[in-house]
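So the protein sequences, as listed, match chains F and S. All residue numbers in the first sequence are consecutive under the numbering used here, ending with 407. All residue numbers in the second sequence are consecutive under the numbering used here, ending with 407. Built from N, CA and C at the ideal position, the CB exists for glycine as well. Please read the structure below before turning to the comments.
There are 2 protein chains.
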Amino acid sequence: MKYFNERLYDVAPYTPGEQPSSKDRVIKLNTNENPYPPSPKIKEVVDSILSEGLLKKYPNPNSSKLCEEIANKEGISKEQVLVTNGSDEALSILFRAVLGANDKVVAPYPTYSLYPVLTELALNGSSIEKVPLKGNLHFDYIALKSAKGKLLTFASPNAPTGILERKQELLDLISSFKGAVLCDEAYIDFAPNGSSLIQEINRHPNLFVSRTFSKSYSLAGLRVGYIISSKENIQLITKLKDSYNVGMLEQAIALEALKDQPYFLSNVQKIIQSREELTQQLSKLGFYVVPSSANFIFVKPPKSIYPIDLFEHLKKSNILVRYFSDAISKDYIRISIGSKEECEILFGKIKEYTIAKNV
Amino acid sequence: MKYFNERLYDVAPYTPGEQPSSKDRVIKLNTNENPYPPSPKIKEVVDSILSEGLLKKYPNPNSSKLCEEIANKEGISKEQVLVTNGSDEALSILFRAVLGANDKVVAPYPTYSLYPVLTELALNGSSIEKVPLKGNLHFDYIALKSAKGKLLTFASPNAPTGILERKQELLDLISSFKGAVLCDEAYIDFAPNGSSLIQEINRHPNLFVSRTFSKSYSLAGLRVGYIISSKENIQLITKLKDSYNVGMLEQAIALEALKDQPYFLSNVQKIIQSREELTQQLSKLGFYVVPSSANFIFVKPPKSIYPIDLFEHLKKSNILVRYFSDAISKDYIRISIGSKEECEILFGKIKEYTIAKNV
Numbered sequence: 049m050k051y052f053n054e055r056l057y058d059v060a061p062y063t064p065g066e067q068p069s070s071k072d073r074v075i076k077l078n079t080n081e082n083p084y085p086p087s088p089k090i091k092e093v094v095d096s097i098l099s100e101g102l103l104k105k106y107p108n109p110n111s112s113k114l115c116e117e118i119a120n121k122e123g124i125s126k127e128q129v130l131v132t133n134g135s136d137e138a139l140s141i142l143f144r145a146v147l148g149a150n151d152k153v154v155a156p157y158p159t160y161s162l163y164p165v166l167t168e169l170a171l172n173g174s175s176i177e178k179v180p181l182k183g184n185l186h187f188d189y190i191a192l193k194s195a196k197g198k199l200l201t202f203a204s205p206n207a208p209t210g211i212l213e214r215k216q217e218l219l220d221l222i223s224s225f226k227g228a229v230l231c232d233e234a235y236i237d238f239a240p241n242g243s244s245l246i247q248e249i250n251r252h253p254n255l256f257v258s259r260t261f262s263k264s265y266s267l268a269g270l271r272v273g274y275i276i277s278s279k280e281n282i283q284l285i286t287k288l289k290d291s292y293n294v295g296m297l298e299q300a301i302a303l304e305a306l307k308d309q310p311y312f313l314s315n316v317q318k319i320i321q322s323r324e325e326l327t328q329q330l331s332k333l334g335f336y337v338v339p340s341s342a343n344f345i346f347v348k349p350p351k352s353i354y355p356i357d358l359f360e361h362l363k364k365s366n367i368l369v370r371y372f373s374d375a376i377s378k379d380y381i382r383i384s385i386g387s388k389e390e391c392e393i394l395f396g397k398i399k400e401y402t403i404a405k406n407v
Numbered sequence: 049m050k051y052f053n054e055r056l057y058d059v060a061p062y063t064p065g066e067q068p069s070s071k072d073r074v075i076k077l078n079t080n081e082n083p084y085p086p087s088p089k090i091k092e093v094v095d096s097i098l099s100e101g102l103l104k105k106y107p108n109p110n111s112s113k114l115c116e117e118i119a120n121k122e123g124i125s126k127e128q129v130l131v132t133n134g135s136d137e138a139l140s141i142l143f144r145a146v147l148g149a150n151d152k153v154v155a156p157y158p159t160y161s162l163y164p165v166l167t168e169l170a171l172n173g174s175s176i177e178k179v180p181l182k183g184n185l186h187f188d189y190i191a192l193k194s195a196k197g198k199l200l201t202f203a204s205p206n207a208p209t210g211i212l213e214r215k216q217e218l219l220d221l222i223s224s225f226k227g228a229v230l231c232d233e234a235y236i237d238f239a240p241n242g243s244s245l246i247q248e249i250n251r252h253p254n255l256f257v258s259r260t261f262s263k264s265y266s267l268a269g270l271r272v273g274y275i276i277s278s279k280e281n282i283q284l285i286t287k288l289k290d291s292y293n294v295g296m297l298e299q300a301i302a303l304e305a306l307k308d309q310p311y312f313l314s315n316v317q318k319i320i321q322s323r324e325e326l327t328q329q330l331s332k333l334g335f336y337v338v339p340s341s342a343n344f345i346f347v348k349p350p351k352s353i354y355p356i357d358l359f360e361h362l363k364k365s366n367i368l369v370r371y372f373s374d375a376i377s378k379d380y381i382r383i384s385i386g387s388k389e390e391c392e393i394l395f396g397k398i399k400e401y402t403i404a405k406n407v
């Protein structure tokens, strides 16, 4: 007997990047985590919650203090912020809120591979139109503008390319799109200052911007993200969140991490510097490295090397990177920027392999 | 312009019980939290995660260790367990997984007031048939068995009554229902041993049992729950969870709390004892106290007292309890069992008020 919505049976689940056990001695450059630990200041607030036994009580249902701090930092009102269980929950809520029966989602392709899964998980016949990137891996604005749908979603910077599109082109696209638009800024903190679209929210009533503490704040293990839009939009999508969707420790830790801007900025700076160094080194070795504004690089090896072979070789050397098999990505591998030391080890292995292949 | 699924606009959001600021000196007996702190053993595992900076990495996506511990404790396989961000997420996932366009949910009434909200939040025209409790506040099995739907959901023990239905009657109902059945065991640890339906899972392919760490494990602030069913059912509904739905600290803390059974059992025993004492005291004062198998009691004051007045009076005395205005509940107030001291203060206030009203 079939107990479920009939569409559930055919859904292919999302596959996150491999998570080796923490005991494996692996250099993990496959899921764009931050190589540096989160702010040391979080320890104190955690100790205080535990020693007072506060976990026995429900958390603040709206993550109010964290909302306020985010709003202050961005110069918006706290009613424009919804804090979520990772930005994954923000995306899931938005897709559910927007999509009615047989609606269309529009997205560039390739991009974050969760968007097609979320579309299918609406379980109501909604489908996604994937608009291929141009040959230079930039958005195809002509095709995106002619696509029609209830929701347009893209990542800025995009994944897996790391490319940051020009702001004015994004804004023109948002203005022309007759539906809701999600700009997923998971990696925006690694892009130049002023790249975010949050400041444009009040001029674009259809715009949602999502963010996460997973990458730039070194808190992938915590699960806190947020989404920003107009007050009216946030009020509506909030109906879909679980009453207590973000735990007490999560709220407190994210708040402390956000307050510790000097630590955050110094970490981000280190990663940007490693990214630029690795980009130069690999370019010299004959790799094409897509100019990245994120904490990862998308690299095409020289002709003598198959990307999948390099991926497998690195894996055997206990270095995990990411390979995607779609038509555009198949010529590349994606490498998360690790610590300075991890980048050196990675580059050493790649160099050794490349030289061997060229002999 | 309307950006959302048109059904979203009319949804009335779920209202959780009031959460006063932790600085208010309030005796909080309105949301069935545990008055005692969680196991002191959780501190060590949290310290270890923080001092090793592990939060920078993604958590285990399937809460594997916690699943295994739950499976071992219940004598089932770990593939039968899905760990969630509070049992709220388990419920939300199950409703979304089951409900197609215009499907029906069946539930006794009153019960946990989230069920109607989750039905509406499917945003696909699904509706709920509320089957009123009998005059003695027990389930109306004749009416429940004749109701047809895609999902039957009930709480065991029920809320806000605290009543535990007879196991054989529940099993007969589950066998006769032609659809999925959710047995929500948020309060089962306060009921006599052997009351759970988890042991019946393998005999009832349509049965799901949800649990939470919020109540009996004193971890409402943490947000961890789980749902148990057949391996096939769990595999299907897992498609709907976010990739990393439970954070690293949550997984580790819940695991430690679960392992510390002596502490857990002693806490539960204290609450049961306080519940029985308060039941006796209030009964002597002329209240009708519904026999409770949960960590709260549902009490009808003597004729001279309006429940809503007593609720307001207690609130003025900084004691929060819960009042529900539906046709059946309106004659009662629901009181969560606090610490021994909190119960004494509460009883003192009620006694004082009752004597004043009888003069």
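- When beta bridges are read from the DSSP output, Phe202/F appears opposite Cys231/F.
- The three-state secondary structure of Ser341/S, taken from DSSP, is coil.
- By the CB criterion at 8 Å, Tyr157/F and Pro180/F fall inside the cutoff.
- CA-CA distance, Gly65/F to Arg370/F, rounds to 8 Å.
- Distance check between Lys121/S and each of Leu368/S, Ile381/S, Ala375/S, Lys307/S places Lys307/S closest, using alpha-carbon atoms only.
- For Ala138/F, the closest C-alpha among the options Ser373/F, Gly227/F, Thr260/F is that of Thr260/F.
- By the 16-neighbour rule on beta-carbons within 10 angstroms, Met49/S is exposed.
- In this structure, the CA atom of Lys89/S is about 43 Å from the CA atom of Asp58/F.
- Against chain S, the beta carbon of Asn281/F has neighbours under 9 Å at Tyr51, Phe52, listed in chain order.
- The Cβ of Glu298/F sits closer than 8 Å to at least one Cβ of chain S.
- Contact check for Asn250/S and Val229/S: beta-carbon distance about 14 Å, past the 8 Å limit, so the pair fails to qualify.
- Per DSSP, Pro88/S has no beta bridge partner at all.
- Nearest C-alpha to Thr132/F among Val257/F, Ile376/F, Gly334/F: Val257/F.
- Arg271/S reaches chain F at Tyr292, Gly295, counting residues in chain order whose Cβ is nearer than 7 Å.
- A distance below 6 Å between beta-carbons, with the five flanking residues on each side excluded, links Ile246/F to the following residues of its chain, in chain order: Glu122, Val257, Ile276.
- Among the residues of the segment 121 to 138 of chain S, those with a Cβ less than 7 Å away from any Cβ of chain F are Asn133, Gly134, Asp136, Glu137, in the order of the chain.
- For a cut-off of 8 Å, the C-beta gap from Leu169/S to Leu288/F is around 6 Å, short enough to register as a contact.
- Only exposed fits Leu313/S, as fewer than 16 other CB atoms lie within 10 angstroms of its CB.
- Chain-ordered, the chain F residues with CB closer than 9 Å to the CB of Lys91/S read Asp95, Leu98, Ser99.
- In chain F, no part has a C-beta under 8 Å from the C-beta of Lys152/S; the shortest such distance is about 13 Å.
- Just so you know, the alpha carbons of Ser204/S and Phe238/F end up roughly 50 Å apart.
- In the three-state reduction of the DSSP assignment, Tyr336/S falls in the strand class.
- When Cβ pairs closer than 8 Å are counted between the two stretches, the segment 289 to 298 of chain S is seen to touch the segment 99 to 109 of chain S, the count reaching three or more.
- Taking the C-beta atoms as reference points, Val94/F is found no nearer than 8 Å to Val154/S.
- With its beta carbon less than 8 Å from one in chain F, Tyr106/S belongs to the interface.
- If you check the CB distance, Thr159/S and Val338/S do not come in under 8 Å.
- With the rule of 3 Cβ pairs closer than 8 Å, the segment 313 to 325 of chain S does not count as touching the segment 271 to 286 of chain S.
- By the beta-carbon neighbour count (other beta carbons within 10 angstroms, threshold 16), Tyr354/F is exposed.
- At the C-beta level, Asn172/F and Gly148/F come within 8 Å of one another.
- Arg382/S: member of the beta strand (DSSP E) spanning 381 to 384, first to last residue.
- Taking a C-beta cut-off of 8 Å against chain F, the contacting residues of the segment 170 to 197 of chain S are Leu171, Asn172, listed in chain order.
- Of all residues in the segment 72 to 90 of chain F, the ones placed with a Cβ closer than 8 Å to any Cβ belonging to chain S are Lys76, Thr79, Glu81, Asn82, Pro83, Tyr84, Pro85, Pro86, Ile90, in chain order.
- Not a single CB atom of chain S sits nearer than 8 Å to the CB of Ala155/F.
- At a Cβ-Cβ threshold of 8 Å, Ser266/F and Tyr84/F count as neighbours.
- Note that the segment 316 to 326 of chain F does not touch the segment 357 to 368 of chain F; fewer than 3 beta-carbon pairs, one per stretch, sit closer than 8 Å.
- Ser264/S is a Cβ neighbour of Asn82/S, given a cutoff of 8 Å.
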